[in-house]
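*Asks:*
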Amino acid sequence: MKHEAYETRISELLKQMTLEEKVGQLRQCGPSLAGAFGVSFEELLNMMFDGKISREEFERQMSTAEQDFHEEDLRAGRIGSYNGIGDAATANRLQKIAVEETRLGIPLLFGCDVIHGFRTVTPIPLAEACSFEPELWEKTARVAAREATAAGVHMTFAPMVDVAKDARWGRVCEGAGEDTMLASLYGAAKVRGFQNGNPGAKDSMAACVKHFAGYGAVEAGKDYNRVDMSMQRFYEEYLPPYEACVKAGALAVMPAFNDINGIPCSVNRWLLTDVLRDKWGFDGMTISDSNAIAECVIHGIAEDKADAAAQALAAGMDMDMASDCYHENLAALVESGVVKEEDLNRAVADVLRVKFELGLFDCPYRTDTAREQAELLKEEYRGIAREAACKSMVLLKNENVLPLQKEVRLGIVGGLADAPDEMVGAWAIGARGEDCVSILDACRSRNVPFSYTAGLKECNADGKAEVDREALTRVAEESDVLLLAIGEQKNQSGEAASRADITIAPEQLEMLSVLKESGKPVAVVLFNGRPLAMPGVAEAADAILEAWHPGVEAGNAVLDILFGEVNPSGKLVMTFPYAAGQCPVYYAHINTGRPGGRGKFTSKYLDTPLVPLYPFGYGLSYTTYEYSNLKVEQQEEAATVSVIVKNTGKTDGEETVQCYFRDVTAKRVRPVKQLIDFEKIALKAGEEREVRFVIPYDKLGYLDMEMNYIVEEGWFEVSVGGSSADCLTERFEL
Ligand code: BGC
């Protein structure tokens, strides 16, 4: 927030700064690596993410290569920020140069992708969102901030609040799923957790909300693809989560790679200035996505890097991440009058303001190696990671298999049960495989008897892995219950990991059918970063636990649930399709004039069922809940909705009671259901409770053709239940 004392100091600084120093403040560099295969740090990191080199190789290259921090430029005041430095010693060494050796001593800002935990990796966001628990989202963000700041980080490029309805898009793992309201609550909770109401505190880090805006709607789920939609839909379904984060006080915003209706977000003045600053009152800094300004040339919207720089700055982009378009061109552009110096000053002021808010001018070194060592991977943090993992998991099917009896002998199949470093999922820069607990590790530490096989023979001549039927049969014979760990490797989701085919791999399906032949019960544990199209698994498995990529405590949390020490309570925040061809498929769709049905000429596919495999909001428990007595009472300004929820089973549990609404007849077609509120309640076996939701009428509106927000009179439906597809419904008239 603008603060008079800062503004005075900012204008004093601006008066003293040379053109070159101003441009320097807008430049973010990553260290490049001289020596390591001759590639940059980011490229090396990507090689590791893509599985081209192992983590060990990555670390070897990192330690032998000369990291080039462009120190000459730093000394000359030509660098304002670094990305990707996550250790206190390096951060402090560079900070010392900035503070003591540059002419004006302006401190550096260290940014880093701390997406779901730093060293203590917590579940991927898509998983954590399934807990429907804002307090938990905030708590894990606190842990991330405490660890990352101890390692020298000032700003995280998170939360990602791109509403995502297409499971083919690899980045669905980084956000809170398909629902706008949930993504808004999730994002705001993360901002609170990262910044803790006081960004200047040493254990707070600035939140950089991304990717502004609409990145989750990339056409065909293909990463970096175009986005084109009605303005009404953009405002109603895609913009609210970013706005919620800005309202929660996020200090930074990262524009998205994609275009919106033809204008790349990086140079989109309407988005970055009219909406973000003028309409929402944002006064923090914007920072481009990596190399995104330069990519405007390839996009076909800028002649060259200079043109891209001029367009981006004029649009409202403050800092240039990695592309050096500003560094190479802005000074000349200002001198020639193409770029106004006042625009440059505005951008520099935005960056300086964030540095002031973070307290960097008074305390540039916010950590040291002693704090770093003491802070990382504390037992307390592991406990929180385990709680988060348990609450993230979703029980999709259970036919009398789970929870397991204590004395059971397990037959465990699938390499993912023995792959600690796969458990962290995409975007876990601070992760270390040796910190992670696999299913096998957890069985060993609890003395659970088990037999195990990865289930595959060495690759054959075509590079295809063959199922080891003998090993599977042997494991099945030795065991009472079979556990099949399948799904995705961590590099199969995340950035640049879109998939056209999101089914379960054929060899994994084959393992399932071989295990089924044994006649023993088979529980599937899924590790994955997106909803998968898996009707075959849904049919054949006796139980399915969706564990996602659960983080460092993976194995412990899976066993907590399998053995019934924790009753599963997660609910899906993204629809599971039958087939990738259904994507995007989501609960808040509209009705066409010919909703799918029996007749030929209705909206459907010939080769998939009408409904998805598992709907939004769905998730089983070891107990059952009964909903009854749904009532709507209308008051002057709001409707009060009440329902009785009863735990009808023998186990205590937690249930997320979901409340949806629908405007039945409107001037623009409205979704058949929209989540408007929810409450997660704990119910002892046999206990019942009334749950009430107060729904203000002014939340029931939408944008008309002229973009006016209107709440119409007429009939509304309210639906309450434990899944979007299983609700009691009532109507009321407004
Ligand atoms: C990603 C961003 C990330 C940035 C910085 C980009 O490729 O799209 O989400 O924050 O890299 O590492």
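Here the sequence shown is numbered in my numbering, starting from 1 and rising by one per residue. Using N, Cα and C, we set each Cβ at its ideal position, and we do this for glycine too.
Less than 7 Å between the CB of residue 210 and some heavy atom of the ligand BGC, yes or no?
*Replies:* yes
*Asks:* Thinking C-beta only, is residue 559 closer than 8 Å to residue 545?
*Replies:* no
*Asks:* For residue 54, which residues does DSSP report across the bridge?
*Replies:* Paired residues: none, contrary to the question.
*Asks:* Does the Cβ of residue 329 have 16 or more other Cβ atoms within 10 Å, making it buried, or fewer, making it exposed?
*Replies:* buried
*Asks:* So what's residue 138 in DSSP terms, helix, strand or just coil?
*Replies:* Under the three-state reduction of DSSP output, residue 138 falls in the helix class.
*Asks:* Give a single yes or no on whether residue 495 has its beta carbon closer than 7 Å to a heavy atom of the ligand BGC.
*Replies:* yes
*Asks:* Would you kindly check if the distance between the Cβ of residue 449 and the Cβ of residue 437 is under 8 Å?
*Replies:* no
*Asks:* May I ask whether a heavy atom of the ligand BGC can be found less than 7 Å away from the beta carbon of residue 40?
*Replies:* Residue 40 Cβ: outside cutoff for every heavy atom of the ligand BGC.
*Asks:* For a test of your reading of the model: does the CB of residue 110 fall under 7 Å from any non-hydrogen atom of the ligand BGC? Yes or no.
*Replies:* no
*Asks:* Any heavy atom of the ligand BGC inside 7 Å of the beta-carbon of residue 194?
*Replies:* It does not: the Cβ of residue 194 is nowhere closer than 7 Å to a heavy atom of the ligand BGC.
*Asks:* When DSSP builds the beta bridges, which residues end up paired with residue 286?
*Replies:* 253
*Asks:* List the whole-angstrom C-beta distance separating residue 608 from residue 578, where the pair is believed to meet the contact cut-off of C-beta under 8 Å.
*Replies:* 4 Å
*Asks:* For residue 50 and residue 491, which I take to be in contact (beta-carbon distance under 8 Å), what is that distance rounded to the nearest angstrom?
*Replies:* With a Cβ gap of about 6 Å, residue 50 and residue 491 count as contacting.
*Asks:* Could you check what DSSP says for residue 439 in three-state terms: helix, strand or coil?
*Replies:* helix
*Asks:* Between which residues of its own chain and residue 678 is the CB-CB distance below 7 Å, once the five residues before and five after are set aside?
*Replies:* 132, 656, 657, 658 and 659
*Asks:* What are the boundary residues of the beta strand (DSSP E) that residue 738 is part of?
*Replies:* The question about residue 738 has no answer, for the chain in this structure spans 1 to 734.
*Asks:* Looking at C-beta atoms only, is the number of pairs between the region 477-496 and the region 408-418 that lie closer than 8 Å three or more?
*Replies:* Verdict: yes, contact present.
*Asks:* Please report the straight-line C-alpha distance between residue 218 and residue 224, rounded to a whole angstrom.
*Replies:* 7 Å
*Asks:* Measuring CA to CA, which of 361, 412, 475 and 480 is closest to residue 405?
*Replies:* 480
*Asks:* Between the Cα of residue 139 and the Cα atoms of 79, 247, 733 and 122, which residue gives the shortest distance?
*Replies:* 122
*Asks:* Report buried or exposed for residue 601, applying the criterion of at least 16 other Cβ atoms within 10 angstroms of its Cβ.
*Replies:* A residue is called buried when at least 16 other Cβ atoms come within 10 angstroms of its Cβ; residue 601 does not meet this threshold and is exposed.
*Asks:* Using beta-carbon positions only, say whether residue 314 and residue 371 come within less than 8 Å of one another.
*Replies:* no
*Asks:* Among 680, 93, 707 and 674, which residue has its Cα nearest to the Cα of residue 699?
*Replies:* 674
*Asks:* Where residue 506 and residue 393 are concerned, what is the direct C-alpha to C-alpha distance, given to the nearest angstrom?
*Replies:* 24 Å
*Asks:* Hey, would you say the C-beta of residue 157 is under 7 Å away from at least one heavy atom of the ligand BGC?
*Replies:* yes
*Asks:* When the Cα atoms are used, what is the spatial distance from residue 685 to residue 569?
*Replies:* If I take the Cα positions, the gap works out to 14 Å.
*Asks:* Give the secondary structure of residue 680 by DSSP, where H, G and I count as helix, E and B as strand, and everything else as coil.
*Replies:* strand
*Asks:* If you measure from the CB of residue 274, is any heavy atom of the ligand BGC nearer than 7 Å?
*Replies:* no
*Asks:* Quick check on residue 170: buried or exposed, where buried means 16 or more other Cβ atoms within 10 Å of its Cβ?
*Replies:* buried
*Asks:* I need the DSSP call for residue 26, collapsed to helix, strand or coil.
*Replies:* coil
*Asks:* For residue 3 and chain D, any beta-carbon pair shorter than 8 Å?
*Replies:* Here chain D cannot be found, since the structure has a single protein chain.
*Asks:* Are the region 294-301 and the region 337-346 touching by the rule of at least three beta carbon pairs closer than 8 Å?
*Replies:* When C-beta atoms of the region 294-301 are compared with those of the region 337-346, fewer than three pairs fall below 8 Å, so the two segments do not count as touching.
*Asks:* Taking the C-alpha atoms as reference points, what is the distance between residue 389 and residue 396?
*Replies:* One C-alpha to the other measures close to 16 Å.
*Asks:* Can the beta-carbon of residue 641 be found less than 8 Å from the beta-carbon of residue 514?
*Replies:* no
*Asks:* Does residue 511 pass the burial test, meaning 16 or more other C-beta atoms within 10 Å, or should it be called exposed?
*Replies:* buried
*Asks:* May I ask which residues mark the beginning and end of the beta strand (DSSP E) holding residue 630?
*Replies:* 625-634
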